[in-house]
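Here is the structure we will look at.
Number of protein chains: 4
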Amino acid sequence: MSSAVARSSIYRYRIAFSDCDPAQIVFFANYFKWFDTSAREFFTACGIPSWRETEKATGMIGMPLVDAQAKFLSPATYGEDIEIESSVETWNTKSFVMRHVARRGDTVLAEGREVRVFAVRDKVDAQRIVAIPIPEYIRAACS
Amino acid sequence: MSSAVARSSIYRYRIAFSDCDPAQIVFFANYFKWFDTSAREFFTACGIPSWRETEKATGMIGMPLVDAQAKFLSPATYGEDIEIESSVETWNTKSFVMRHVARRGDTVLAEGREVRVFAVRDKVDAQRIVAIPIPEYIRAACS
Amino acid sequence: MSSAVARSSIYRYRIAFSDCDPAQIVFFANYFKWFDTSAREFFTACGIPSWRETEKATGMIGMPLVDAQAKFLSPATYGEDIEIESSVETWNTKSFVMRHVARRGDTVLAEGREVRVFAVRDKVDAQRIVAIPIPEYIRAACS
Amino acid sequence: MSSAVARSSIYRYRIAFSDCDPAQIVFFANYFKWFDTSAREFFTACGIPSWRETEKATGMIGMPLVDAQAKFLSPATYGEDIEIESSVETWNTKSFVMRHVARRGDTVLAEGREVRVFAVRDKVDAQRIVAIPIPEYIRAACS
Numbered sequence: 374m375s376s377a378v379a380r381s382s383i384y385r386y387r388i389a390f391s392d393c394d395p396a397q398i399v400f401f402a403n404y405f406k407w408f409d410t411s412a413r414e415f416f417t418a419c420g421i422p423s424w425r426e427t428e429k430a431t432g433m434i435g436m437p438l439v440d441a442q443a444k445f446l447s448p449a450t451y452g453e454d455i456e457i458e459s460s461v462e463t464w465n466t467k468s469f470v471m472r473h474v475a476r477r478g479d480t481v482l483a484e485g486r487e488v489r490v491f492a493v494r495d496k497v498d499a500q501r502i503v504a505i506p507i508p509e510y511i512r513a514a515c516s
Numbered sequence: 374m375s376s377a378v379a380r381s382s383i384y385r386y387r388i389a390f391s392d393c394d395p396a397q398i399v400f401f402a403n404y405f406k407w408f409d410t411s412a413r414e415f416f417t418a419c420g421i422p423s424w425r426e427t428e429k430a431t432g433m434i435g436m437p438l439v440d441a442q443a444k445f446l447s448p449a450t451y452g453e454d455i456e457i458e459s460s461v462e463t464w465n466t467k468s469f470v471m472r473h474v475a476r477r478g479d480t481v482l483a484e485g486r487e488v489r490v491f492a493v494r495d496k497v498d499a500q501r502i503v504a505i506p507i508p509e510y511i512r513a514a515c516s
Numbered sequence: 374m375s376s377a378v379a380r381s382s383i384y385r386y387r388i389a390f391s392d393c394d395p396a397q398i399v400f401f402a403n404y405f406k407w408f409d410t411s412a413r414e415f416f417t418a419c420g421i422p423s424w425r426e427t428e429k430a431t432g433m434i435g436m437p438l439v440d441a442q443a444k445f446l447s448p449a450t451y452g453e454d455i456e457i458e459s460s461v462e463t464w465n466t467k468s469f470v471m472r473h474v475a476r477r478g479d480t481v482l483a484e485g486r487e488v489r490v491f492a493v494r495d496k497v498d499a500q501r502i503v504a505i506p507i508p509e510y511i512r513a514a515c516s
Numbered sequence: 374m375s376s377a378v379a380r381s382s383i384y385r386y387r388i389a390f391s392d393c394d395p396a397q398i399v400f401f402a403n404y405f406k407w408f409d410t411s412a413r414e415f416f417t418a419c420g421i422p423s424w425r426e427t428e429k430a431t432g433m434i435g436m437p438l439v440d441a442q443a444k445f446l447s448p449a450t451y452g453e454d455i456e457i458e459s460s461v462e463t464w465n466t467k468s469f470v471m472r473h474v475a476r477r478g479d480t481v482l483a484e485g486r487e488v489r490v491f492a493v494r495d496k497v498d499a500q501r502i503v504a505i506p507i508p509e510y511i512r513a514a515c516s
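This is the structure we're talking about:
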């Protein structure tokens with residue numbers, strides 16, 4: 374019988390002075406940056422190589438966002454240690470949903486969800502980016 | 374009969390090299406930063422003084438976010454000029470919803486929504502932040 | 374007789390809330406970011422195409438820094454309009470020196486100098502970056 | 374006989390995707406940000422409380438920069454672990470010089486120097502910032 378518990382990873386970070394704004398709390402957009410870093414750490418923990426290597430091997434340049442959302446529950450400030458727990462909530466055919474929870478100790482600071490795709494460069498126009506079906510080996514490695 | 378068209382402002386920005394990531398497109402969290410800047414520009418256009426001045430006059434330190442969400446529709450890169458159109462979609466009792474649309478010419482790049490509150494510092498613990506009812510003069514100035 | 378006045382460009386920017394730190398002034402590293410943006414604007418004003426285009430045409434991926442230095446003379450804060458004046462102070466064989474002055478009205482806020490090179494990717498290891506002699510057409514276009 | 378070895382601290386950081394620019398290497402201004410964070414970590418390691426607490430206790434709001442300089446010796450990219458070693462090189466009457474070295478393993482990536490002051494808010498104009506003589510207890514705690 375398979376477990377219903379999704380695989381997750383933890384990204385640890387100490388908030389820097391320059392992450393905070395004139396209200397002396399974390400500028401909210403930094404949570405989106407840290408969720409992104411934590412998302413990449415999740416895939417690293419699952420054994421997925423860097424996008425530099427996947428680009429050389431298969432053309433895959435990364436996992437651009439289609440949608441991002443976060444709730445901000447409690448303020449935090451510099452010098453504080455936070456943890457971000459990240460997991461894949463849903464695998465769709467061409468997109469997947471990541472969930473992130475940022476905590477300082479037991480206090481939940483922010484919760485986020487991202488819809489992402491895996492992308493390659495368009496063959497005709499390298500400036501364009503095209504979503505590909507979720508590679509089966511990634512899904513298998515991360516489940 | 375009053376018009377149903379909400380007041381809006383336009384924030385213009387040229388994307389910088391350092392706003393882009395190794396995929397050579399805008400790093401998505403920058404849109405949240407620019408939406409925030411555009412939100413402040415909206416209030417400036419409505420005649421609301423800086424938070425430095427409101428803090429001195431009334432204790433109000435700014436408009437922290439409770440929730441933020443964005444859809445990313447088309448990639449953009451450095452050297453490109455974008456416009457962000459911002460407006461207040463809904464005024465609630467203690468919170469309000471801002472809507473932002475980022476465009477490069479006629480192409481919509483990203484659309485966002487933010488739920489914000491106006492905040493003062495807690496009298497006992499200055500590190501805590503407390504939401505206040507939407508000040509009537511702000512709502513009047515911005516409608 | 375030719376003028377000794379170097380060609381210069383002006384980059385205009387309004388300081389954002391999120392550019393400022395808990396001391397409520399611009400976080401100093403942002404000046405380095407803005408100097409970089411202004412450096413690129415200088416080359417754009419001289420007619421040099423984006424690095425995306427030079428990479429396709431000649432392999433040149435940009436102008437990485439070898440050294441950067443700035444003096445911070447007066448604090449600035451959000452909502453203030455600044456101008457950065459940028460010019461090439463010296464062209465060497467393989468490097469060049471840019472000078473940047475950030476002003477708010479007549480007040481000099483910061484002055485910086487950058488030593489940069491023009492770079493291509495190493496043919497063997499694309500992760501390595503190699504400085505090339507200053508291209509004559511760039512020097513001619515920018516003098 | 375006193376030791377000539379200055380006290381130093383180490384700040385560890387894994388480079389994030391969003392710290393890198395379209396040339397796929399760390400955007401240089403991030404080193405200045407990390408040096409700043411490492412500078413604060415140095416003082417934390419010496420037992421100096423956060424600027425929030427020093428502001429309440431003595432009015433001191435932080436240690437703004439007067440000058441910053443860095444040399445960039447080797448590129449780095451995301452997923453790489455770096456260490457920044459920070460120390461005070463010189464204590465002057467009203468300013469001090471910090472030195473930072475960023476390394477990935479044995480490879481020196483960047484070296485920086487900052488001239489900083491300790492500052493309080495001006496009593497008449499709270500937007501102005503005034504340098505104070507180096508507090509003796511800080512110098513003693515950090516030597």
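Protein chains in written order, with the numbering used here: chain R, 374 to 516; chain Y, 374 to 516; chain G, 374 to 516; chain E, 374 to 516.
Think of the CB as a built atom: it goes at the ideal place given N, C-alpha and C, for glycine as much as any other residue.
Values in this document were obtained by computation on a predicted structure and should not be read as measured data.
Item to complete: State yes or no: is the beta carbon of residue 450(R) nearer than 9 Å to at least one beta carbon in chain G?
Response: With 9 Å as the cut-off, residue 450(R) counts as an interface residue toward chain G.
Worksheet item: Can you name the residues of chain G whose CB is closer than 8 Å to the CB of residue 445(E)?
Response: At a beta-carbon threshold of 8 Å, the residues of chain G lying near residue 445(E) are 437, 438, 439, 440, 441, ordered along the chain.
Worksheet entry | Continuous beta strand (DSSP E) assignments of at least 3 residues falling wholly in the region 463-515 of chain E | Taking only runs of at least 3 residues, the beta strand (DSSP E) segments lying wholly in the region 463-515 of chain E are 469-477, 480-489, 491-494, 502-505.
Practice prompt. Mark residue 383(G) as exposed unless 16 or more other C-beta atoms lie within 10 angstroms of its C-beta, in which case mark it buried.
Written response: Flag for residue 383(G) reads exposed.
Practice prompt. Examine chain R for any beta-carbon lying closer than 9 Å to the beta-carbon of residue 396(Y), and answer yes or no.
Written response: So yes, residue 396(Y) belongs to the interface.
Practice prompt. Report yes if the C-beta distance between residue 380(G) and residue 461(G) is below 9 Å; otherwise report no.
Written response: Yes. Within cutoff.
Worksheet item: Grouping DSSP H, G and I as helix and E and B as strand, with all else coil, what is residue 426(G)?
Response: Here residue 426(G) sits in helix by DSSP.
Fill in: First through last residue of the alpha helix (DSSP H) which encompasses residue 409(R)
It spans 402-418 - the alpha helix (DSSP H) in which residue 409(R) sits, taken as one unbroken run.
Worksheet item: Going along chain E in order, which residues have a C-beta closer than 7 Å to the C-beta of residue 415(R)?
Response: Those within 7 Å of residue 415(R) in chain E number zero; the least Cβ separation is about 13 Å.
Worksheet item: When burial is assigned at 16 or more other CB atoms within 10 Å of the CB, is residue 406(G) buried or exposed?
Response: A residue is called buried when at least 16 other Cβ atoms come within 10 angstroms of its Cβ; residue 406(G) meets this threshold and is buried.
Worksheet item: Can you name the start and end residues of the beta strand (DSSP E) that residue 382(E) belongs to?
Response: 381-387 is the extent of the beta strand (DSSP E) around residue 382(E).
Worksheet item: Which word fits residue 505(Y), buried or exposed, when buried means at least 16 other C-beta atoms lie within 10 angstroms of its C-beta?
Response: Classification for residue 505(Y): exposed.
Worksheet item: Taking just the CA atoms, how far does residue 404(G) sit from residue 448(G)?
Response: If I take the Cα positions, the gap works out to 11 Å.
Discussion item. Taking 8 Å as the limit between beta carbons, can you name the residues of its chain near residue 463(R), skipping five residues before and five after?
Written reply: Within the same chain, Cβ atoms closer than 8 Å to the Cβ of residue 463(R) are found at 469, 470, the five residues on either side in sequence being excluded.
Discussion item. Tell me the rounded alpha-carbon separation between residue 512(E) and residue 409(E).
Written reply: Between residue 512(E) and residue 409(E), the C-alpha separation is close to 18 Å.
Worksheet entry | residue 459(E) to residue 411(E) span [Cα, whole Å] | C-alpha separation (whole angstroms): 6 Å.
Worksheet entry | Close Cβ partners of residue 428(Y) (< 7 Å) along its chain, the five nearest in sequence each way excluded | Cβ neighbours of residue 428(Y) beyond the five flanking positions: 434.
Item to complete: Measuring only between beta-carbons, confirm whether residue 376(E) sits less than 9 Å from chain G.
Response: Unreliable placement is indicated for residue 376(E), whose pLDDT of 47 sits below 50; the coordinate value is still reported in the next sentence. Chain G places no beta carbon closer than 9 Å to that of residue 376(E), leaving this residue out of the contacts.
Worksheet item: Taking the alpha-carbon positions, what's the residue 388(Y) to residue 475(Y) distance?
Response: Computed Cα separation, rounded: 12 Å.
Worksheet item: When the cut-off is 9 Å and only beta carbons count, does residue 400(E) lie next to chain Y?
Response: Taking Cβ atoms only, chain Y reaches closer than 9 Å to residue 400(E), which makes this a yes.
Worksheet item: Where do the ends of the beta strand (DSSP E) carrying residue 333(E) lie?
Response: Nothing can be reported for residue 333(E), as the shown portion of chain E is limited to 374 through 516.
Worksheet entry | Within chain R, the residues that residue 360(G) reaches when beta carbons sit closer than 7 Å | The shown model of chain G, from 374 to 516, leaves out residue 360(G), and the question about it has no answer.
Worksheet item: Between residue 425(E) and chain Y, is there a C-beta pair that is closer than 9 Å?
Response: Under the Cβ criterion of 9 Å, residue 425(E) is counted among the residues facing chain Y.
Worksheet item: Based on Cα-Cα distance, which residue from 426(Y), 452(Y), 417(Y), 390(Y) lies nearest to residue 499(E)?
Response: Measuring from the Cα of residue 499(E), the nearest candidate turns out to be 426(Y).
Worksheet item: Taking just the CA atoms, how far does residue 436(Y) sit from residue 396(E)?
Response: So the two alpha carbons sit approximately 36 Å from each other.
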